[in-house]
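The block underneath contains the structure these notes are about, expressed in structure tokens.
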Amino acid sequence: MGSFVRRVRTASGATAVQIVHKRGRTVLGIDHIGSAHEDGQLALLLETARARLHAGQQMLPLDDGGPTGGRPIGEPVVEETASLIVWEAMEAVYASLGFDQIADEAFKALVLARIIEPTSKADTVRVLAELGVPGPSRVTFMRCLKRVIERDYRTVIATACYAHATQRGGLALVLYDLTTLHFETDVEDRLRKVGMSKERRVDPQVTVGLLTTGSGFPLDVHLFEGNKAETKTLVPVLTGFAERHQIEDVVVVADAGMLSAANLVVLEEAGFTFIVAGKPSSAADDLADYFHRHGNYFTDGQTVETTRTMGTGTQTRQRRVVYNYSFKRSQHDNRAINKMIERAEAVAAGTRPLKKDRFVKITDAVKGVDWDLAERARYLSGLKGYLTNIDTDTMDGPQVVAAYHELYQVERSFRMAKSDLAARPIFHRIRDSIEAHLTIVFAALAVSREAQARTGVSIKKIIQTLRPLRSATISLSRQQITAPPRIPEPAQAILDDLAEGGN
């Protein structure tokens with residue numbers, strides 16, 4: 010009786026490994042070891058079959074210090090594992106956006122590592138090691154930050170983003186908004202200053218302006234002093250963007266913080282059309298005639314149009330104003346008003362310190378609730394106004410409102426930059442280093458946004474699904490083979506969508 014290992018081609022194209030037991034020409038039995046589609050898997054199955062074939066016989070000779078490290082020949086040893094699937098997937102998106110024209114492996118490593126596991130520049134060395142990606146040293150990363158500024162990587166990234174956004178036609182709509190990034194320090198300087206913070210932080214901060222497409226894909230990013238007025242950031246960003254790409258007929262959407270008569274005149278003279286949120290308190294004057302005839306009755310979704318005179322002297326303009334009423338917004342506004350009244354009552358009762366509470370009224374050093382102001386706010390609840398220089402034949406009221414609502418996309422990009430990409434707090438203190446950090450976050454945001462657009466899955470979910478897929482390098486009988494991971498169906502669907510979106 011004899012036994013031997015044989016390979017058999019299957020109908021599916023795989024190679025089956027079997028142990029065949031024979032006596033003479035008679036097959037007594039067949040042990041099926043497994044099927045392989047790749048050379049590495051086949052080698053592992055063959056060694057497994059040979060080891061089983063020799064089971065119960067003389068112990069195999071020990072290796073003399075080769076790759077098996079003194080283990081019996083035929084015993085597989087996992088030398089290392091690597092999470093290359095997630096890395097290669099993000100690397101492919103990075104290249105498809107044209108970012109690989111920056112021939113700087115350290116910069117690419119900083120961008121992709123920030124997407125996979127955002128951390129400090131120094132700790133990025135650990136992240137790359139855990140992924141199994143050959144990476145530069147910490148010193149190389151620090152030198153890379155200097156190259157980002159010296160070679161103006163920001164402009165290269167912004168140009169590539171614009172080319173990607175316009176590859177199927179020009180831009181019809183751009184969104185602009187601001188956010189702040191704080192620092193873990195108490196010391197201010199010429200850039201890092203304490204300013205207005207939505208989170209009421211008192212740390213020094215910088216202000217970041219982000220320009221995106223209507224879908225939230227980033228086009229440009231700018232850094233300003235932490236106490237820079239919002240109204241003074243809009244014009245330089247947009248005029249610079251228009252000059253760099255020589256664009257015309259683009260609608261700019263921005264929130265109420267950018268609203269000033271002078272800003273709108275400059276934008277108009279630069280060839281922009283715009284939709285800018287108005288301040289709620291203006292509704293009482295703008296809609297005086299409507300309130301006189303109808304009171305404050307509105308139907309859900311109703312739009313009312315009027316005009317407003319803005320500016321002085323040669324900058325005087327008649328602006329179209331579209332007001333929209335939302336029942337859901339009215340409920341939200343009334344809840345907010347009730348809370349502000351509670352705070353004002355607590356101030357009046359002496360149980361809450363005097364702050365910048367909206368409905369507090371002080372008369373002869375006596376604190377009370379400004380009920381007239383509260384009722385005025387309640388009367389206007391549910392209304393939101395939008396100023397635009399787009400005529401009604403081009404875009405009617407509901408279309409103006411719908412276009413403005415796209416502004417939430419830039420807010421989503423900000424949230425992604427702050428949470429998923431951990432853009433803050435910033436630990437750099439020199440302006441060039443801060444600008445370099447912002448360029449890395451900008452590029453990472455573009456790759457993340459593109460990955461989400463292709464898959465319909467959040468970048469957080471993409472990373473959570475792909476990162477656990479690890480290949481293994483195995484030493485076997487003086488040879489090394491690589492065994493790829495089994496890819497579950499949800500992961501394969503993400504990989505297919507990422508690949509198809511780049512075609």
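Here our numbering is used: position 376 in the sequence shown is 385, and no number is missing along the way.
Virtual Cβ for every residue (Gly too), placed ideally from N, Cα, C.
Is the Cβ-Cβ distance between Leu268 and Lys288 less than 9 Å?
Yes, the Cβ-Cβ distance between Leu268 and Lys288 is below 9 Å.
So which of Asp186, Ala412, Glu234 and Glu239 has the shortest CA-CA distance to Leu228?
Minimum Cα distance to Leu228 is reached at Asp186.
Look up Ala500 in the DSSP assignment and say whether it is helix, strand or coil.
DSSP places Ala500 in helix when its eight states are reduced to three.
Beta-carbon separation of Val419 and Tyr395 under 9 Å?
Going by C-beta atoms, Val419 is not nearer than 9 Å to Tyr395.
Looking at Ala20 and Gly43, is the spacing between their C-beta atoms short of 9 Å?
The answer is no: Cβ separation not under 9 Å.
Should Phe13 be labelled buried (16 or more other beta-carbon atoms within 10 Å of its own) or exposed?
Burial call: exposed.
Please list the terminal residues of the continuous beta strand (DSSP E) segment that includes Lys348.
Lys348 -> not in any beta strand (DSSP E); alpha helix (DSSP H) instead, spanning Phe336 to Ala358.
Checking the sheet assignment: what are the DSSP bridge partners for Gly287?
Per DSSP, none; premise fails for Gly287.
Among Ile371, Asn343 and Ile124, which one has its Cα closest to the Cα of Ser457?
The residue with the shortest Cα to Cα distance from Ser457 is Ile124.
In or out: Ile439 buried (at least 16 other Cβ within 10 Å) or exposed?
By the 10 Å Cβ count, Ile439 comes out exposed.
Does the beta-carbon distance from Ile472 to Val157 come in below 9 Å?
Not in contact: Ile472 and Val157 (Cβ atoms no closer than 9 Å).
Is it the case that the Cβ atoms of Ala353 and Ala383 are separated by a distance below 9 Å?
Closer than 9 Å, so yes.
Roughly how far, in whole angstroms, is the beta-carbon of Arg302 from the beta-carbon of Thr316, given that I think they are within contact range, below 8 Å?
No, Arg302 and Thr316 are not in contact; Cβ-Cβ is about 17 Å, not under 8 Å.
Less than 8 Å between the CB atoms is what I'm expecting for Gln214 and Ala271, so what's the real figure, rounded?
Gln214 to Ala271, Cβ: 25 Å. No contact.
Is it true that the region 89 to 97 meets the region 130 to 145, where meeting means three or more beta-carbon pairs spaced less than 8 Å apart?
Counting Cβ pairs under 8 Å, three or more are found: they touch.
Does the Cβ of His231 have 16 or more other Cβ atoms within 10 Å, making it buried, or fewer, making it exposed?
Answer is buried; the Cβ neighbour count reaches 16.
Report the three-state DSSP secondary structure of Thr133 (helix, strand or coil).
It is helical.
For Phe108, write down the residues that DSSP places opposite it in a beta bridge.
According to DSSP, which records beta bridges pairwise, Phe108 is partnered with nothing at all.
Going by alpha carbons, who is nearest to Arg32 out of Ile483, Ala345 and Gly11?
It is Gly11.
Could you tell me which residues DSSP pairs with Leu220 in its beta bridges?
The partner list for Leu220 (beta bridge, DSSP) reads Tyr185 and Asp229.
Is Ile28 helix, strand or coil when you go by DSSP?
Three-state DSSP puts Ile28 in a strand.
In the DSSP assignment, what are the bridge partners of Ile39?
Paired residue(s): Val29.
Report yes if the C-beta distance between Thr464 and Asp506 is below 9 Å; otherwise report no.
Yes, the Cβ-Cβ distance between Thr464 and Asp506 is below 9 Å.
Between Gly38 and His30, is the Cβ-Cβ spacing less than 9 Å?
Cβ atoms of Gly38 and His30: closer than 9 Å.
Can you confirm whether the region 481 to 497 touches the region 113 to 121 when touching is taken to mean that 3 or more C-beta pairs between the two stretches lie within less than 8 Å?
The answer is no - the region 481 to 497 does not touch the region 113 to 121, with fewer than three Cβ pairs under 8 Å.
Bridge partners of Thr372, per DSSP?
Paired residues: Val375.
Give the single residue among Arg34, Leu51, Met349 and Val36 whose Cα lies nearest to the Cα of Arg18.
The shortest C-alpha separation from Arg18 is found at Leu51.
Mind checking which residues open and close the alpha helix (DSSP H) that includes Val383?
Here residue 383 turns out to be Ala, not Val, going by the sequence shown. Ala383 -> alpha helix (DSSP H) spans Trp380 to Tyr388.
Roughly how many angstroms separate the alpha carbons of Ala174 and Gly266, rounded to a whole number?
Cα to Cα, Ala174 sits roughly 26 Å from Gly266.
According to the Cβ coordinates, are Phe281 and Val313 closer than 9 Å?
No, they are not a contact pair.
Check whether the Cβ atoms of Glu108 and Lys130 sit closer than 9 Å, and answer yes or no.
Checking the sequence, you will find Phe at residue 108 rather than Glu. Contact flag unset, no.
Give the C-beta separation of Gly391 and Ser339 to the nearest angstrom, bearing in mind that I take them to be a contact with Cβ-Cβ under 8 Å.
Indeed they touch by this definition, with Cβ atoms about 3 Å apart.
If I'm right that Gln255 touches Val165 with Cβ under 8 Å, what's the distance once you round it to whole angstroms?
Not confirmed; about 18 Å, so no contact.
Express the C-alpha separation of Val148 and Thr133 in angstroms, rounding to a whole number.
One C-alpha to the other measures close to 12 Å.
I need the boundaries of the beta strand (DSSP E) containing Ser12, first residue and last residue.
Ser12 -> beta strand (DSSP E) spans Gly11 to Arg18.
Short check: CB of Tyr103 to CB of Val87, under 9 Å?
No, Cβ-Cβ distance for Tyr103 and Val87 is not below 9 Å.
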